[in-house]
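If you read the protein sequences in the order shown, they are chains U and R. If you read the first sequence in this note's numbering, its first letter stands for residue 1, the second for the next number, and so on. If you read the second sequence in this note's numbering, its first letter stands for residue 222, the second for the next number, and so on. Below is one structure, written out as structure tokens, with a few remarks after it.
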Amino acid sequence: MNRFLTLVGRDLRLALRQGSDATIAVMFFVLCVVLFPFGVGPEPNILARIAAGVIWVAALLASLLSLERLFLTDYEDGSLELLALSALPMEAVVLAKTLAHWLVTGVPLIVAAPLLAVLLNMEPGGFGVLVLTLAVGTPILSLIGAIGAALTLGARRGGVLLSLLILPLYIPVLIFGAGAIDAALTGLTPRPHLLLLGGLLAGALPLAPWAGAAALRQAME
Amino acid sequence: MAVSFYPLSYWRHAALWYSSGVIDRLPRPQQRHEVPPPMPVFAGTDLTCLRGDRLVFTGLDFRVAPGGALLLLGPNGSGKSSLLRVMAGFLRPWRGTLAWDDLSVAEEPDGHRRRVHYVGHLDAVKPVMTAAENLAFWASLGGAADPMAHALSALERLGVPHIAGVPGRYLSAGQKRRLNLARILAAPAPLWLLDEPTVALDRAAVALLEGIIAEHRAGGGMVVLSTHADIALPGAEELHLDDFTPLSADDEDDEDALPEEDAA
């Protein structure tokens, strides 16, 4: 456990010192959402109707941005091999790096989302559910993304390949995430959607590190 | 009837039981205190390595005893790095087995990884972390109680205490290499796999490295090292990788058949 936290701490320190990943993801998220009123037109009704979907799609794309570098820098400078030789199991390495990635890119999205919801004229009643779905959903995005990042490691133009590989897998998260907010806004209970999201998280939490570790071992051969 | 057959079947069962090797696996408490625990031996038999569809080496045997050193020699592309990666467990041998103390490495890969320190071509230095922070991270991952103290003393040992506060991006190639070598001192492991550790090192650093390796071996550690440069490893066994490449196996005159482009 100590080693796990050491690795999370190192990745957070690296991310904070390099500073780019976290700010880029959240800036992209904001800009992406801000573009919609320009494209769709500023009618408040239409914006309020599409707000949940727009925010979720933008969050999805933003979390995809820095995924490519999740394992790439460690792979290129040889750290990944040394991590594989450490007492920490490879699955824990994947989980630690994914957790650090989520803390750096996912959490700022959750914080920024209510502000963007105001911008898109979303009913205040949906804010709570919006934050809740993002809090459950963005870890799933990071976990699924970690599998893709591990699989595309060492591939040429891995970033493009990664998006093609991962975006279809994000669809269930998007459906239940946006669905929960829509349900709350139309006066229904968002509970089933949230439970399904929780189920996805419960499935991804053990499976993604396992699959990612297998892919990393393959990449290091 | 049954009574008269009883002794016969008893002996048959006893014989079967004995030959099945069960007895060999039974604990023998009376011997446990007399014989000291056997020193671990790291050995490979009949190793064959395939990279893509290219055969790198085949039929390779090696054996490293505690305190022993194995020097891998051979021209570029003869499979020195591949062999070290096989030993570290990154690459699975296509054929053949690796054994630590007669226990197959393939059966407990996680246990094997913990025994190994690997120094490859890449120095694993993070540009935004200082040298001491880089080192302390690996020390703490290796289980050191006070990683920063371990890191500083390892840097001291490598003769570069002054780079402790310097960010990785400002380090020279030689300093990065020293930092990488300091990493193997920061947390103990019995088997050191060093892939051309002398690259980018100056004479003084090579001498330091020789001393560190000698100390490690004196403590019962093992070293497998590949190199093109001169490095003094007293009593080291030499393994010429080109003896095991298919090219030289097919040719009559072994060494001369290889192209002479390894100066690059």
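Yeah, the Cβ is synthetic: ideal placement off N, Cα and C, and Gly gets one too.
Judged by DSSP secondary structure, Glu459 (chain R) falls within the beta strand (DSSP E) whose first and last residues are Glu458 to His461. Interface residue (Cβ-Cβ distance to chain R less than 7 angstroms): Thr23 (chain U) is not classified as such.
Listed along chain U, the residues sitting closer than 9 angstroms to Phe311 (chain R) by beta-carbon distance are Glu81, Ala84, Leu85, Arg217, Met220 and Glu221. Contact note: Arg17 (chain U) reaches chain R through Val349 and Met350, using a C-beta cutoff of 8 angstroms and chain order.
Distances from the alpha-carbon of Trp102 (chain U) to those of U:Glu76, U:Pro168, U:Leu67 and U:Asp77 put U:Leu67 closest. For Asp11 (chain U), no chain R residue has a Cβ inside 7 angstroms of its Cβ, as the nearest lies near 10 angstroms away.
In its chain, beyond the 5 residues on either side, Gly265, Leu268, Cys270, Arg313, Pro314 and Leu319 have a beta carbon closer than 8 angstroms to the beta carbon of Val307 (chain R).
For the region 322-338 of chain R, the beta-carbon criterion of a distance under 7 angstroms to any beta-carbon of chain U is satisfied by Asp331, Arg334, Arg335 and Val337.
For the region 87-106 of chain U, the set of positions with a beta-carbon nearer than 8 angstroms to some beta-carbon of chain R reads Ala87, Leu88 and Pro89 in chain order. A straight line joining the alpha-carbon of Glu329 (chain R) with that of Arg217 (chain U) spans about 15 angstroms. Minimum Cα-Cα distance from Ala183 (chain U) among the listed residues U:Gly125, U:Ala135 and U:Leu16 corresponds to U:Gly125. The straight-line gap separating the alpha-carbon atoms of Ala113 (chain U) and Ile55 (chain U) is approximately 7 angstroms.
Within chain R, the residues whose beta carbon sits less than 8 angstroms from that of Leu14 (chain U) are Lys347, Val349 and Met350, listed in sequence order.
The alpha helix (DSSP H) runs of length 4 or more contained entirely in the region 284-330 of chain R are, from start to end of the chain, 301-309.
Residue contact check for Thr138 (chain U) against chain R: no CB pair falls below 7 angstroms. Neighbours of Arg3 (chain U) in chain R, taken as residues whose beta carbon is under 7 angstroms from its own, are Leu362 in chain order. DSSP places Ala264 (chain R) in the uninterrupted beta strand (DSSP E) bounded by Phe263 to Arg272. At a cut-off of 7 angstroms between beta carbons, Gly212 (chain U) makes no contact with chain R. For Tyr170 (chain U), the enclosing alpha helix (DSSP H) has its first and last residue at Gly158 to Leu185.
The Cβ of Phe358 (chain R) sits closer than 7 angstroms to at least one Cβ of chain U. If you ignore the 5 residues before and after Arg390 (chain R), its C-beta comes within less than 8 angstroms of the C-beta of Pro348 and Val349, all in its own chain and listed in chain order.
In the three-state DSSP reduction, Val337 (chain R) falls in the strand class (E or B). When only Cα atoms are considered, Pro388 (chain R) and Ala352 (chain R) end up about 6 angstroms apart. DSSP places Trp102 (chain U) outside any beta strand (DSSP E), giving it a letter other than H or E.
Neighbours of Leu343 (chain R) across chain U, judged by C-beta separation under 7 angstroms: Asp77 and Gly78. When 9 angstroms is used as the limit between beta carbons, Thr6 (chain U) is near these residues of chain R: Phe358, Ser361, Leu362 and Pro368, in chain order. A check of alpha carbon separations from Ala435 (chain R) across R:Val340, R:His461, R:Val381 and R:Gly456 identifies R:Gly456 as the nearest.
Only buried fits Ala51 (chain U), as 16 or more other CB atoms lie within 10 angstroms of its CB.
Classified as exposed, Ile171 (chain U) has fewer than 16 neighbouring CB atoms from the shown chains inside 10 Å of its CB. For the 7 angstroms CB-CB criterion, Val346 (chain R) and Leu400 (chain R) form a contact. By the criterion of a C-beta distance shorter than 8 angstroms, Glu431 (chain R) is surrounded in its chain by Ile452, Ala453 and Leu454, once the five residues flanking it on both sides are discounted. Spatial neighbours of Asp323 (chain R) in its own chain (CB-CB distance under 7 angstroms, excluding positions within 5 residues in sequence) are not present. Only residues of its own chain outside the window of five on either side were considered, and among them none has a CB closer than 7 angstroms to the CB of Ala370 (chain R). Under the 10 Å beta carbon count, Met90 (chain U) is surrounded by 16 or more other beta carbons and is classified as buried. Between the region 131-148 of chain U and the region 156-166 of chain U, the count of Cβ pairs shorter than 8 angstroms is three or higher; the stretches touch. CA-CA distance, Ala366 (chain R) to Val340 (chain R), rounds to 23 angstroms.
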